[in-house]
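Just so you know, we're using this note's numbering here: the sequence shown kicks off at 626 and counts up by one.
Beta carbons: idealized from backbone N, C-alpha and C, even for Gly.
Remarks on the structure that follows.
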Amino acid sequence: MKPSDYCKKWVTRRHDIQPGDWGYRKRCIDELMLATGLKFTAINKWGPNLDTEANYVLRLLDYADLLNEMEQCVTEYNKIRENKAK
């Protein structure tokens with residue numbers, strides 16, 4: 626998954642901020658640091674759109690995306706279970 630696609634999906638969901646909004650790029654870098662383990666300076670060098678073609682980064686973001694989706698599913702499932710238990 627491209628870093629810009631990852632950010633569009635997860636920064637907007639987690640931080641309620643859209644591309645072009647003030648602070649979006651910083652939040653995006655924070656999310657990419659969390660997902661890849663890379664440092665701010667390394668990610669910042671990818672340019673204004675924060676894109677890279679490094680295969681290992683694309684693969685890490687695929688995995689992070691999958692884990693984020695699974696986390697959301699489990700959270701929703703637990704909410705449903707709690708509501709049924711009441």
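query, result
"Which of helix, strand or coil does DSSP assign to residue 626?", "coil"
"Would you tell me roughly how many angstroms separate the C-alpha atoms of residue 641 and residue 711, rounded to the nearest one?", "30 Å"
"Which ranges does the beta strand (DSSP E) cover as unbroken runs of at least 3 residues, wholly within the region 641-672, from first to last along the chain?", "none"
"Express the C-alpha separation of residue 669 and residue 709 in angstroms, rounding to a whole number.", "46 Å"
"How big is the Cα-Cα spacing for residue 638 and residue 663?", "22 Å"
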